[in-house]
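Chains A and B are the protein sequences, given in the same order. Read in our numbering, the first sequence has 306 at position 306, and its numbers run on one by one without any break. Read in our numbering, the second sequence has 39 at position 39, and its numbers run on one by one without any break. Down below is the structure, laid out as structure tokens.
2 protein chains.
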Amino acid sequence: MAKKLSIMDSGWLMMETRETPMHVGGLVLFDIPEDAPPDYLEGVYRYMVEVDGICRPFNQKIQSRLPLYMDATWVEDRNFDIDYHVRHSALPRPGRVRELLALVSRLHAQRLDPSRPLWESYLIEGLEGNRFALYTKMHHSMVDGVAGMYLMQSRMATRADERLPAPWDGRWDANKPPRQKGINVKAGAMEGLSNVRKATGQVVDLLRQPRDSTVKTIYRAPKTQLNRRVTGARRFAAQSWSLGRIKAAAKRHGGTVNDIFLAMCGGALRRYLLTLDSLPDEPLVAQVPVALRSADQAEEGGNAITMVQVSLGTHLYAPQDRLAEIQDSMAAVKKRLGLMQKAEIDVYTVLTNAPLSLGQITGLSGRVSPMFNLVISNVPGPKETLYFNGAEMLASYPVSLVLHGYALNITVVSYKDSLEFGVIGCRDTLPHIQRFLDYFEESLAELEA
Amino acid sequence: MAKKLSIMDSGWLMMETRETPMHVGGLVLFDIPEDAPPDYLEGVYRYMVEVDGICRPFNQKIQSRLPLYMDATWVEDRNFDIDYHVRHSALPRPGRVRELLALVSRLHAQRLDPSRPLWESYLIEGLEGNRFALYTKMHHSMVDGVAGMYLMQSRMATRADERLPAPWDGRWDANKPPRQKGINVKAGAMEGLSNVRKATGQVVDLLRQPRDSTVKTIYRAPKTQLNRRVTGARRFAAQSWSLGRIKAAAKRHGGTVNDIFLAMCGGALRRYLLTLDSLPDEPLVAQVPVALRSADQAEEGGNAITMVQVSLGTHLYAPQDRLAEIQDSMAAVKKRLGLMQKAEIDVYTVLTNAPLSLGQITGLSGRVSPMFNLVISNVPGPKETLYFNGAEMLASYPVSLVLHGYALNITVVSYKDSLEFGVIGCRDTLPHIQRFLDYFEESLAELEA
Numbered sequence: 001m002a003k004k005l006s007i008m009d010s011g012w013l014m015m016e017t018r019e020t021p022m023h024v025g026g027l028v029l030f031d032i033p034e035d036a037p038p039d040y041l042e043g044v045y046r047y048m049v050e051v052d053g054i055c056r057p058f059n060q061k062i063q064s065r066l067p068l069y070m071d072a073t074w075v076e077d078r079n080f081d082i083d084y085h086v087r088h089s090a091l092p093r094p095g096r097v098r099e100l101l102a103l104v105s106r107l108h109a110q111r112l113d114p115s116r117p118l119w120e121s122y123l124i125e126g127l128e129g130n131r132f133a134l135y136t137k138m139h140h141s142m143v144d145g146v147a148g149m150y151l152m153q154s155r156m157a158t159r160a161d162e163r164l165p166a167p168w169d170g171r172w173d174a175n176k177p178p179r180q181k182g183i184n185v186k187a188g189a190m191e192g193l194s195n196v197r198k199a200t201g202q203v204v205d206l207l208r209q210p211r212d213s214t215v216k217t218i219y220r221a222p223k224t225q226l227n228r229r230v231t232g233a234r235r236f237a238a239q240s241w242s243l244g245r246i247k248a249a250a251k252r253h254g255g256t257v258n259d260i261f262l263a264m265c266g267g268a269l270r271r272y273l274l275t276l277d278s279l280p281d282e283p284l285v286a287q288v289p290v291a292l293r294s295a296d297q298a299e300e301g302g303n304a305i306t307m308v309q310v311s312l313g314t315h316l317y318a319p320q321d322r323l324a325e326i327q328d329s330m331a332a333v334k335k336r337l338g339l340m341q342k343a344e345i346d347v348y349t350v351l352t353n354a355p356l357s358l359g360q361i362t363g364l365s366g367r368v369s370p371m372f373n374l375v376i377s378n379v380p381g382p383k384e385t386l387y388f389n390g391a392e393m394l395a396s397y398p399v400s401l402v403l404h405g406y407a408l409n410i411t412v413v414s415y416k417d418s419l420e421f422g423v424i425g426c427r428d429t430l431p432h433i434q435r436f437l438d439y440f441e442e443s444l445a446e447l448e449a
Numbered sequence: 001m002a003k004k005l006s007i008m009d010s011g012w013l014m015m016e017t018r019e020t021p022m023h024v025g026g027l028v029l030f031d032i033p034e035d036a037p038p039d040y041l042e043g044v045y046r047y048m049v050e051v052d053g054i055c056r057p058f059n060q061k062i063q064s065r066l067p068l069y070m071d072a073t074w075v076e077d078r079n080f081d082i083d084y085h086v087r088h089s090a091l092p093r094p095g096r097v098r099e100l101l102a103l104v105s106r107l108h109a110q111r112l113d114p115s116r117p118l119w120e121s122y123l124i125e126g127l128e129g130n131r132f133a134l135y136t137k138m139h140h141s142m143v144d145g146v147a148g149m150y151l152m153q154s155r156m157a158t159r160a161d162e163r164l165p166a167p168w169d170g171r172w173d174a175n176k177p178p179r180q181k182g183i184n185v186k187a188g189a190m191e192g193l194s195n196v197r198k199a200t201g202q203v204v205d206l207l208r209q210p211r212d213s214t215v216k217t218i219y220r221a222p223k224t225q226l227n228r229r230v231t232g233a234r235r236f237a238a239q240s241w242s243l244g245r246i247k248a249a250a251k252r253h254g255g256t257v258n259d260i261f262l263a264m265c266g267g268a269l270r271r272y273l274l275t276l277d278s279l280p281d282e283p284l285v286a287q288v289p290v291a292l293r294s295a296d297q298a299e300e301g302g303n304a305i306t307m308v309q310v311s312l313g314t315h316l317y318a319p320q321d322r323l324a325e326i327q328d329s330m331a332a333v334k335k336r337l338g339l340m341q342k343a344e345i346d347v348y349t350v351l352t353n354a355p356l357s358l359g360q361i362t363g364l365s366g367r368v369s370p371m372f373n374l375v376i377s378n379v380p381g382p383k384e385t386l387y388f389n390g391a392e393m394l395a396s397y398p399v400s401l402v403l404h405g406y407a408l409n410i411t412v413v414s415y416k417d418s419l420e421f422g423v424i425g426c427r428d429t430l431p432h433i434q435r436f437l438d439y440f441e442e443s444l445a446e447l448e449a
């Protein structure tokens, strides 16, 4: 029954330190129904813990005897303790989003226990506006990137009166496949990336510098305050923006939603670094995941996403100039990727990411020049209203991870008519991360003016 | 300015693992004044964070470059971040003691960040009965045993209308000495134990078996479920007992409060192990701290406390027989200690504890036979009512630590007319730790009948 972890998945365990926990999370807000009784949230908590067994991957833990998790396998936790994994928390008064973000910042800073299934879910009450929140963290060796959030959402209802088992309930094992596509759950299901060594020799060519100067490729980015060593403390900020506003700005400037999103990030980073008096003369470079194939193809196995490096134009004063630089840079990257064959793209991804992993293990990250300045992700989410045990989902923010040398991450997931921004950073390396929320808004407003 | 840590104090850092965090804590309950405004607890939080600098030892962090903390020194944290150390939390409804203990169990399981001053304090609201709680944890390398609790209490007021700075406020450095005696704050103040190597040769004699069979000395105790390896998860249980009831039972049976306390522990342990069907035929042995000199002498430096091993009589059916065994065992130990000179006692303490430390480091603890089954402490606390920023202290429970091979700890502190029991254990090694509260009560009732 035991499934061996791929090298990539063990890597997430191996790279984990006190300063760089390797889990990702999601913070989801829900509406408390108007007719809810006073003990409504106790009922939600019971819904979460009174389950009929535990399904994969939530019941799987790591078994390993060799150093560096070289022999790591997933095995079922036969002493699974639901009260350990599902926790009931509350916010101090007045229960604003501010108090919620402070709590999630603390919870996200704590490592998961490697001797248990690598997830925890917190039901959080006391949020003003008749709402409650759910913060769930899962280890990166268990789910890829935002896949944990997809997995949770795929097990939520699309009607208020529909009742489904909790996402980890054992009934999901047999009953039905996940509703949403493109979910990449690793534990006991995926074999990981294809053989890296075999392909490496074929594409050394990729490491040559491209002639097109707007293509920011690996190993080139200015050294900034974002690219220092991190401590274990985190600060999380989150807010929703109207997709309608962003689409209108995109139409006005002849771009895509993603162009405007990146321009909001570039504008915010410029503002942020200016207040710290540390804006570099060269543009910041973002590592951006790009989908290569459709979700249908991805389900057949293999890696449908690659990472590209894009200039954010942060050195330019005018918002329109920054947007144009981003668009030029992205167009050049896409043109370059279009010339590659599938095998090359897989290896390109591995080569682009391998130095990151090596840097974490050797301790060089945050001490040498960065390959890029930060990871920025924009991933599609549900278009229809979702319900959790009858409660309407109001918003769903991704909580990503930071690494030595990469003290900030911006991830955005769409939900219905919104883009849901999640900004996570090291609170010691980067002061006042919450200011990014104001800076995003100012940068969007500039492009609307 | 940097003060080198003693070998003993570095040892607490060196022995720390994910499974065995080396901090101790205190859970204190307060009454919310009747005329308190709705935002009363926000005011308490501001009182805790709006400080005039930070005093020792709260501003001291560890600096170390060599492995195993061999060169560890205390240095001032010049980037001290009060918002990191003082945290505002809340309980989910209905806010019973049950929810409070669940939260404290979780908080106590988390390691302190070794790159910062080694303490955290949580203001906890939402406790029923118009109360709030304060849970504070400090690393054992910073304060000895319950000294952290003493330190906090020494900076609380004795009148409701008296306002003192928060315990970590910088004004304590200059203003006044701690009110209470016997406080042993290590950071930058204590030189630790005297030279162990010099004295060791003189007292090898101590390792011989005593002829008196009721003296349980080192290296002898049955192997029980309490003496297994631990995980990082904790369960904390706490409750107050009337000192009047315990004194009455002591008078009835011709013993001391401590005899009855140990009999409550012995009776509870017998009940607990019986339900697990794992009560050994031999009596459980408790390691019990005993004061050797008065607090006044202790302030001159040196170690005023030694640890002795006492039989808990858990193999005996009748409560009176268990109490008699405890009293005989304690009397024999005291007689034996009375024959020793001071130097011998210091070394006796070190020898009795050294194997414990060695076992933690070598990983033998929980795998070989235990030297004793658990540590049980009964320490005196304040006799007068204390106030924290005007709020009356209702109870104060110690939250101690567990180690590999020592999965349970019972510590009791007195406050006015109560004994405040704190039971901490590994939740994976020992199920249903909260049952001890019922078993203490049943064991006391037996001695009252």
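Glycine included, C-beta positions come from ideal geometry on N, C-alpha and C.
If we define contact as Cβ-Cβ less than 8 Å, is Thr429 of chain B a contact residue for chain A?
Taking the first residue of the second sequence as 1, we reach residue 429 of chain B at position 429. Output row for Thr429 of chain B: interface = no.
Find the residues of chain A that neighbour Gln309 of chain B, judging by a C-beta separation of less than 9 Å, and give them in chain order.
Position 309 of the second sequence, counting from 1, holds the residue named residue 309 of chain B. What Gln309 of chain B touches in chain A: nothing, since even the nearest Cβ is about 31 Å away.
Assigned secondary structure, Val333 of chain A (DSSP; H/G/I helix, E/B strand, else coil):
Indexing the first sequence from 1 puts residue 333 of chain A at position 333. Val333 of chain A falls in the helix class under three-state DSSP.
Is there a Cβ of chain B sitting closer than 8 Å to that of Arg106 of chain A, yes or no?
Start at 1 with the first residue of the first sequence, and residue 106 of chain A comes out as number 106. Taking Cβ atoms only, chain B reaches closer than 8 Å to Arg106 of chain A, which makes this a yes.
Our contact map puts Leu394 of chain B next to Leu29 of chain B with C-beta atoms below 8 Å; I'd like the distance itself, whole angstroms only.
Mapped onto the second sequence, residue 394 of chain B falls at position 394. Mapped onto the second sequence, residue 29 of chain B falls at position 29. So it is a contact: roughly 4 Å between Cβ atoms.
Would you mind listing the beta strand (DSSP E) stretches within the segment 83 to 121 of chain B that are 3+ residues and don't spill past its ends, in chain order?
86 to 90
Could you tell me the alpha carbon to alpha carbon distance between Ala2 of chain A and Val75 of chain A, rounded to whole angstroms?
The count along the first sequence starts at 1 and reaches residue 2 of chain A at position 2. The count along the first sequence starts at 1 and reaches residue 75 of chain A at position 75. Taking the straight line joining both Cα atoms gives about 5 Å.
Under the three-state reduction of DSSP, which class applies to Gly338 of chain A: helix, strand or coil?
Your numbering for residue 338 of chain A matches position 338 in the first sequence. Note: Gly338 of chain A maps to helix in three-state DSSP.
Under DSSP, the beta strand (DSSP E) around Gln63 of chain B begins and ends at which residues?
On the second sequence, position 63 is the one that residue 63 of chain B refers to. Here the beta strand (DSSP E) through Gln63 of chain B covers Gln60 to Gln63.
By the criterion of Cβ-Cβ separation under 8 Å, what are the contact partners of Gln225 of chain A in chain B?
The count along the first sequence starts at 1 and reaches residue 225 of chain A at position 225. Identification of chain B residues near Gln225 of chain A by a Cβ-Cβ cut-off of 8 Å yields none; the smallest Cβ-Cβ distance measures about 15 Å.
Taking a cut of 9 Å between CB atoms, which residues from the segment 96 to 124 of chain B lie near chain A?
Of all residues in the segment 96 to 124 of chain B, the ones placed with a Cβ closer than 9 Å to any Cβ belonging to chain A are Glu99, Ala102, Leu103, Arg106, Ala109, Gln110, Arg111, Asp113, Pro114, Ser115, Arg116, Leu123 and Ile124, in chain order.
Along the chain, where does the beta strand (DSSP E) containing Asn378 of chain B start, and where does it finish?
Indexing the second sequence from 1 puts residue 378 of chain B at position 378. Boundaries of the beta strand (DSSP E) harbouring Asn378 of chain B: Leu374 to Val379, taken from the DSSP string.
Applying the criterion that 16 or more other CB atoms from any shown protein chain within 10 Å of the CB defines a buried residue, is Gln320 of chain A buried or exposed?
Locating residue 320 of chain A in the first sequence gives position 320, counting from the first residue. Burial call: exposed.
Closer than 8 Å to chain B by CB, Arg228 of chain A
Against the first sequence, residue 228 of chain A aligns to sequence position 228. Cβ-Cβ to chain B under 8 Å: no for Arg228 of chain A.
Rounded to whole angstroms, what's the CA-CA distance from Val215 of chain B to Gly244 of chain B? Just pull it up for me.
Counting from one through the second sequence, the residue named residue 215 of chain B turns up at place 215. Counting from one through the second sequence, the residue named residue 244 of chain B turns up at place 244. Since pLDDT at Val215 of chain B reaches only 45, below the 50 mark, its modelled position is unreliable, and the value read off the structure follows with that caveat. Near 30 Å, if we compare the C-alpha coordinates of Gly244 of chain B and Val215 of chain B.
Of all the CB atoms in chain B, is at least one closer than 8 Å to the CB of Leu151 of chain A?
Translated into positions along the first sequence, residue 151 of chain A becomes position 151. False, the Cβ-Cβ gap to chain B never drops below 8 Å.
DSSP has Pro398 of chain B in a bridge; who is on the other side?
Numbered from 1 along the second sequence, position 398 holds the residue referred to as residue 398 of chain B. Paired residues: B:Gly26.
Our contact map puts Gly148 of chain B next to Gly26 of chain B with C-beta atoms below 8 Å; I'd like the distance itself, whole angstroms only.
Walking along the second sequence from the start, residue 148 of chain B turns up at place 148. Walking along the second sequence from the start, residue 26 of chain B turns up at place 26. Indeed they touch by this definition, with Cβ atoms about 6 Å apart.
How about Gly266 of chain B and Thr314 of chain B: are their beta carbons less than 8 Å apart?
In the second sequence, residue 266 of chain B corresponds to position 266, counting from 1. In the second sequence, residue 314 of chain B corresponds to position 314, counting from 1. The answer is yes: Cβ separation under 8 Å.
Give me, in chain order, the residues of the same chain whose beta-carbon lies closer than 8 Å to that of Arg322 of chain B; leave out the 5 immediate sequence neighbours on both sides.
For the purposes of this step, residue 322 of chain B is taken as the residue at position 322 of the second sequence. The residues are Ala263, Gly266, Gly267, Arg270, Leu312, Gly313, Thr314 and Leu316.
Neighbour flag for Gly232 of chain B against chain A, beta carbons, 8 Å
One-based indexing of the second sequence puts residue 232 of chain B at position 232. Chain A contact via Cβ: present.
C-beta atoms of Val412 of chain B and Ser377 of chain B nearer than 8 Å:
Along the second sequence, read from residue 1 onward, the residue named residue 412 of chain B stands at position 412. Along the second sequence, read from residue 1 onward, the residue named residue 377 of chain B stands at position 377. Closer than 8 Å, so yes.
Leaving out five residues before and five after Ser443 of chain A in sequence, what residues of the same chain have Cβ atoms less than 6 Å from its Cβ?
Taking the first sequence and counting its residues from 1, one reaches residue 443 of chain A at position 443. Answer for Ser443 of chain A: Met264, Gly267 and Ala268, listed in chain order.
Terminal residues of the beta strand (DSSP E) in which Tyr135 of chain A lies
Mapped onto the first sequence, residue 135 of chain A falls at position 135. Per DSSP, Tyr135 of chain A belongs to the beta strand (DSSP E) from Arg131 to His139.
Given a threshold of 16 other Cβ atoms within 10 Å of its Cβ, counted over all protein chains shown, does Asp113 of chain A qualify as buried or as exposed?
Along the first sequence, one-based indexing puts residue 113 of chain A at 113. Per the 10 Å Cβ criterion, buried.
Quick one: Cα of Tyr387 of chain B to Cα of Leu91 of chain B, how far?
Here the question's residue 387 of chain B lines up with position 387 in the second sequence. Here the question's residue 91 of chain B lines up with position 91 in the second sequence. In a straight line, the C-alpha of Tyr387 of chain B is about 22 Å away from that of Leu91 of chain B.
Residue from A:Asn409, A:Ala248 and A:Thr17 whose Cα sits closest to the Cα of Arg235 of chain A:
Translated into the one-based positions of the first sequence, residue 235 of chain A becomes position 235. The shortest C-alpha separation from Arg235 of chain A is found at A:Asn409.
In this structure, how does DSSP classify Ala445 of chain A when only helix, strand and coil are distinguished?
Looking up residue 445 of chain A in the first sequence gives position 445. In the structure shown, Ala445 of chain A sits in a helix (DSSP, three-state: H, G or I).
Below 8 Å on the Cβ atoms is my guess for Leu457 of chain A versus Leu226 of chain A; work out the distance and round it to an integer in Å.
Shown here, chain A extends from 1 to 449; a query on residue 457 of chain A therefore has no answer.
According to the neighbour-count rule (16 or more other Cβ atoms, all chains shown, within 10 Å of its Cβ), is Ser278 of chain B buried or exposed?
Numbered from its first residue, the second sequence carries residue 278 of chain B at position 278. Classification for Ser278 of chain B: exposed.
Using the three-state DSSP reduction, which class does Leu437 of chain A fall into: helix, strand or coil?
Within the first sequence, numbered from 1, the residue matching residue 437 of chain A stands at position 437. It is helical.
Does any C-beta atom of chain B lie closer than 8 Å to the C-beta of His88 of chain A?
As a working note, residue 88 of chain A is residue 88 in the first sequence. Closer than 8 Å to some Cβ of chain B, the Cβ of His88 of chain A qualifies, so yes.
Going straight from the alpha carbon of Glu448 of chain B to that of Ala102 of chain B, what length do you get?
On the second sequence, position 448 is the one that residue 448 of chain B refers to. On the second sequence, position 102 is the one that residue 102 of chain B refers to. Distance between the alpha carbons of Glu448 of chain B and Ala102 of chain B is about 31 Å.
The alpha helix (DSSP H) enclosing Asn258 of chain B, as first and last residue numbers
Looking up residue 258 of chain B in the second sequence gives position 258. Element bounds for Asn258 of chain B: Val257 to Thr275.
Rounded separation between Leu151 of chain B and Glu19 of chain A - CA only:
Numbered from 1 along the second sequence, position 151 holds the residue referred to as residue 151 of chain B. Numbered from 1 along the first sequence, position 19 holds the residue referred to as residue 19 of chain A. Cα to Cα, Leu151 of chain B sits roughly 30 Å from Glu19 of chain A.
So, helix, strand or coil for Ser10 of chain B, using DSSP?
Within the second sequence, numbered from 1, the residue matching residue 10 of chain B stands at position 10. In this structure, Ser10 of chain B counts as helix in the three-state DSSP scheme.
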